[in-house]
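Engineer: In UniProt numbering, the protein residues as written are 1 to 531. For each residue, glycine too, the CB sits at the ideal point set by N, CA and C. Note that the coordinates shown come from a computational prediction; the quantities given were computed from them, not determined experimentally. Can you read through this structure? Questions will come right after.
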Ligand code: G4P
């Protein structure tokens, strides 16, 4: 450890306490991109929000963020945006918008300390919202719920609260309550301050400071709309729907805010809520369930690996969530999977056009390690005291295709590309002796993953491919003895995934059930199900 390191280690508790590391998650179209921009605008990270966040030309969240960065000149990595707000340091970690990339979302949720769940007021809880609530529950992540688009007609606020309570099992504890029905946005009642935050129409390129007035003034100004809001707020109080920090952190309640992201309303309250209530970077559990205190020597884990982010350099970036200690660029850490040293000379925050070198990072921060081809998603890194964080689960694939090079003379590029995409966690790769090395089987949770493979293989690895769809719908983990039995059966195939797991693929759930009936000795385990 360098002298610099020894000196700054003392700051770890303070720096960890300042961190708020979270992700915004939602069903597509609920307003995630809009809210992200609005958050940055309010944090003064940017002075002008872009006039457009349309879908045209949108290819995914990464390019969204890159485009945003280019338009606004803000500091956006492909994985996280960091900005200061009052005394806090906010790390907003990006999640993919589409359900087909749910594996990536799950990985991101393992790297954050809280989630902001965005709900479209007129749509309520949509399928992806429900799945994401479930993942947060599994991971024990505290969730702040934000009801967005309150400027549009929609359900009543009380109905939305009932829906959250009934369908997620979380007790909603609104921090603000709308004054005026959905579509008639007048402002919100701040339930803790008991005053009124007025909605002020501004252009969507400026973040106006909040306008607050007392309850007495609001009653005169807003008339019936205020009395209704105040009565409903009392009703919530009678039902014990008030914020309770311990219950929130325990995943039993979810504080709720009402906003209109596109109008920049409610966004400052969200930032204040994050700073006040969201957990800071705290001890993380290792693979055996022991907490790694933030004051231990440096440790972190890889939650995302990405290549080809800079067309000029064939780079391979591993994004690491810092869990403990101080990260200093240039330090040599241990890669826990191999036990080998790993030099962090190229630690960077990647911006669209330029890269900023990260010299130091603290618990909660996200660091991009360039030239990190040895690192895989889920790998742990540490300095000093060894630690291994829990592995990232691989989800049960539901779509299967054989992949082959279009030009068989390019088998080297083909092999390298497929291995790389496997490494990055873009797709699961399975092989069998029967099919041979030139025809691996790819397994995906969502079919859009295949599109990414096709594009990356063509453009990044210069090895155009062709796919052949396989008629399988589900996979189960199995063992060698069962594999022998299954290999003799019809409509089932056993392959070895690159992590060594034997996977049996079945054409239909009925075929699986029939085989189990005929061969009760078969060993078949469920795999983690995708969100
Ligand atoms: P996403 O990232 O979650 O997919 O959502 P995104 O921000 O792209 O927002 C989806 C649509 O919802 C956008 O409209 C956006 O303008 C709109 N929107 C977001 N927040 C609000 C809000 O508070 N109120 C209202 N009324 N609309 C909101 P679009 O028509 O798809 O695109 P655009 O051309 O309007 O940007």
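Looking only at C-alpha atoms, which of 149, 174, 162 and 455 sits nearest to residue 143?
Structural biologist: Within the chain shown, residue 143 is the residue found at index 143, counting from 1. Comparing Cα-Cα distances from residue 143 to each of 149, 174, 162 and 455, the minimum goes to 174.
Engineer: Using 8 Å as the cut-off, classify the Cβ of residue 294 as near or not near the heavy atoms of the ligand G4P, replying yes or no.
Structural biologist: Within the chain shown, residue 294 is the residue found at index 294, counting from 1. Residue 294 Cβ: outside cutoff for every heavy atom of the ligand G4P.
Engineer: Would you kindly work out how many angstroms separate the C-alpha atoms of residue 352 and residue 324, rounded to a whole number?
Structural biologist: Numbered from 1 along the chain shown, position 352 holds the residue referred to as residue 352. Numbered from 1 along the chain shown, position 324 holds the residue referred to as residue 324. Note that residue 352 has pLDDT 36, beneath the 50 cutoff, so the model's placement of it is unreliable and the number below is only indicative. For residue 352 and residue 324, the distance between alpha carbons rounds to 28 Å.
Engineer: For residue 74 and residue 269, what's the separation of their Cα atoms in angstroms?
Structural biologist: Here residue 74 refers to the residue found at position 74 of the chain shown. Here residue 269 refers to the residue found at position 269 of the chain shown. Its pLDDT being 37, under 50, residue 74 is placed unreliably by the model, and the measurement read from it follows with that caveat. Linking residue 74 to residue 269 through their CA atoms gives a straight-line distance of about 22 Å.
Engineer: Are the Cβ atoms of residue 535 and residue 360 separated by less than 9 Å?
Structural biologist: As displayed, the chain neither begins before 1 nor continues past 531, which places residue 535 out of reach and without an answer.
Engineer: Indicate the three-state DSSP secondary structure (helix, strand or coil) for residue 392 in the structure shown.
Structural biologist: For this step, residue 392 is matched to residue 392 along the chain shown. Residue 392 falls in the coil class under three-state DSSP.
Engineer: Does residue 380 come out as helix, strand or coil in the three-state DSSP assignment?
Structural biologist: On the chain shown, residue 380 is found 380 positions in, with the first residue counted as 1. It is a strand residue.
Engineer: Measuring CB to CB, does residue 145 end up less than 9 Å from residue 236?
Structural biologist: One-based indexing of the chain shown puts residue 145 at position 145. One-based indexing of the chain shown puts residue 236 at position 236. No. Outside cutoff.
Engineer: Under a three-way DSSP split, which group does residue 401 fall into?
Structural biologist: Locating residue 401 in the chain shown gives position 401, counting from the first residue. Three-state DSSP puts residue 401 in a strand.
Engineer: Output yes or no for whether 9 Å exceeds the beta carbon distance between residue 195 and residue 215.
Structural biologist: The residue labelled residue 195 in the question sits at position 195 within the chain shown. The residue labelled residue 215 in the question sits at position 215 within the chain shown. Yes. Within cutoff.
Engineer: Can we count residue 30 as close to the ligand ATP, meaning its CB is less than 8 Å from some heavy atom?
Structural biologist: No copy of the ligand ATP occurs in the structure displayed; its ligands are the ligand G4P alone.
Engineer: Determine the direct distance from the alpha carbon of residue 87 to that of residue 18, and round the result to whole angstroms.
Structural biologist: Mapped onto the chain shown, residue 18 falls at position 18. Mapped onto the chain shown, residue 87 falls at position 87. Between residue 18 and residue 87, the C-alpha separation is close to 7 Å.
Engineer: Where do the ends of the beta strand (DSSP E) carrying residue 148 lie?
Structural biologist: As a working note, residue 148 is residue 148 in the chain shown. Residues 143-148.
Engineer: How big is the Cα-Cα spacing for residue 380 and residue 184?
Structural biologist: Residue 380 sits at position 380 when you count from the first residue of the chain shown. Residue 184 sits at position 184 when you count from the first residue of the chain shown. Within the model, the alpha-carbon separation for residue 380 versus residue 184 is close to 50 Å.
Engineer: In its own chain, which residues sit with a C-beta less than 6 Å from the C-beta of residue 509, not counting the 5 before and 5 after it?
Structural biologist: Counting from 1 along the chain shown, the entry for residue 509 is found at position 509. Cβ within range, chain order: n/a, list empty.
Engineer: How many Å lie between residue 225 and residue 106 at the Cα?
Structural biologist: Indexing the chain shown from 1 puts residue 225 at position 225. Indexing the chain shown from 1 puts residue 106 at position 106. If you take the alpha carbons of residue 225 and residue 106, they lie about 41 Å apart.
Engineer: So what's residue 281 in DSSP terms, helix, strand or just coil?
Structural biologist: Indexing the chain shown from 1 puts residue 281 at position 281. In this structure, residue 281 counts as coil in the three-state DSSP scheme.
Engineer: So is the beta-carbon of residue 152 under 8 Å away from any non-hydrogen atom of the ligand G4P?
Structural biologist: Residue mapping note: residue 152 aligns to position 152 of the chain shown, counting from 1. Indeed, a heavy atom of the ligand G4P lies less than 8 Å from the Cβ.
Engineer: What whole-angstrom Cβ distance do residue 298 and residue 333 have, given they're in contact under 8 Å?
Structural biologist: The residue labelled residue 298 in the question sits at position 298 within the chain shown. The residue labelled residue 333 in the question sits at position 333 within the chain shown. Their Cβ separation, rounded to whole angstroms, is 6 Å, which keeps residue 298 and residue 333 in contact under 8 Å.
Engineer: Return yes when the Cβ of residue 443 is within less than 9 Å of the Cβ of residue 503, no when it is not.
Structural biologist: Along the chain shown, read from residue 1 onward, the residue named residue 503 stands at position 503. Along the chain shown, read from residue 1 onward, the residue named residue 443 stands at position 443. Yes. Within cutoff.
Engineer: Is the beta carbon of residue 26 within less than 8 Å of some heavy atom of the ligand G4P?
Structural biologist: Position 26 of the chain shown, counted from the first residue, corresponds to residue 26. True, at least one ligand heavy atom lies under 8 Å from that Cβ.
Engineer: DSSP beta-bridge partners for residue 177?
Structural biologist: Along the chain shown, read from residue 1 onward, the residue named residue 177 stands at position 177. The partner list for residue 177 (beta bridge, DSSP) reads 189.
Engineer: Run the CB neighbour count on residue 227, radius 10 Å, all protein chains shown included, and call it buried at 16 or more, exposed below.
Structural biologist: For the purposes of this step, residue 227 is identified with residue 227 of the chain shown, where counting begins at 1. The residue is exposed, with fewer than 16 neighbouring Cβ atoms inside 10 Å.
Engineer: How many Å lie between residue 221 and residue 186 at the Cα?
Structural biologist: Residue numbering aside, residue 221 sits at position 221 when the chain shown is read from its first letter. Residue numbering aside, residue 186 sits at position 186 when the chain shown is read from its first letter. Roughly 10 Å between the two C-alpha positions.
Engineer: Closer than 8 Å to a non-hydrogen atom of the ligand G4P - does that hold for the CB of residue 137?
Structural biologist: Sequence index remark: in the chain shown, residue 137 carries index 137 (1-based). No.
Engineer: Between which two residues does the beta strand (DSSP E) carrying residue 368 extend?
Structural biologist: Within the chain shown, the letter at position 368 stands for residue 368. From DSSP, the beta strand (DSSP E) with residue 368 extends over 366-369.
Engineer: Please determine whether the Cβ atom of residue 256 lies at a distance below 8 Å from any heavy atom of the ligand G4P.
Structural biologist: In the chain shown, counting from the first residue as 1, residue 256 sits at position 256. No - the ligand G4P has no heavy atom lying nearer than 8 Å to the Cβ of residue 256.
Engineer: Return the first residue and the last residue of the alpha helix (DSSP H) that residue 139 is part of.
Structural biologist: In the chain shown, the residue the question calls residue 139 occupies position 139. Taken as a continuous stretch (DSSP letters only), the alpha helix (DSSP H) holding residue 139 covers 127-139.
Engineer: Per DSSP, what are the beta-bridge partners of residue 472 in this structure?
Structural biologist: Here residue 472 refers to the residue found at position 472 when the chain shown is read from its first residue. Note: residue 472 sits in no beta bridge, so no partner.
Engineer: Run through DSSP, which three-state label would residue 427 get?
Structural biologist: Here residue 427 refers to the residue found at position 427 of the chain shown. Residue 427 falls in the coil class under three-state DSSP.
Engineer: By alpha-carbon positions, which one of 487, 177 and 473 ends up nearest to residue 479?
Structural biologist: For the purposes of this step, residue 479 is taken as the residue at position 479 of the chain shown. If we check each option's Cα against that of residue 479, 487 comes out closest.
Engineer: State the start and end residues of the unbroken alpha helix (DSSP H) segment that holds residue 161.
Structural biologist: Here residue 161 refers to the residue found at position 161 when the chain shown is read from its first residue. Per DSSP, residue 161 belongs to the alpha helix (DSSP H) from 157-168.
Engineer: Measuring alpha carbon to alpha carbon, tell me which residue in 512, 471 and 303 is nearest residue 489.
Structural biologist: The residue given as residue 489 occupies position 489 in the chain shown. It is 512 whose Cα lies nearest to the Cα of residue 489.
Engineer: Any contact of the stretch 444-456 with the stretch 384-400, i.e. 3+ C-beta pairs under 8 Å?
Structural biologist: yes
Engineer: Can you give me the C-alpha to C-alpha distance between residue 526 and residue 520, rounded to a whole angstrom?
Structural biologist: Counting from one through the chain shown, the residue named residue 526 turns up at place 526. Counting from one through the chain shown, the residue named residue 520 turns up at place 520. So the alpha carbons of these two residues sit roughly 16 Å apart.
Engineer: Return helix, strand or coil for residue 30, following the three-state DSSP convention.
Structural biologist: The sequence position of residue 30 within the chain shown is 30, counting from 1. Residue 30: coil per DSSP, three-state reduction.
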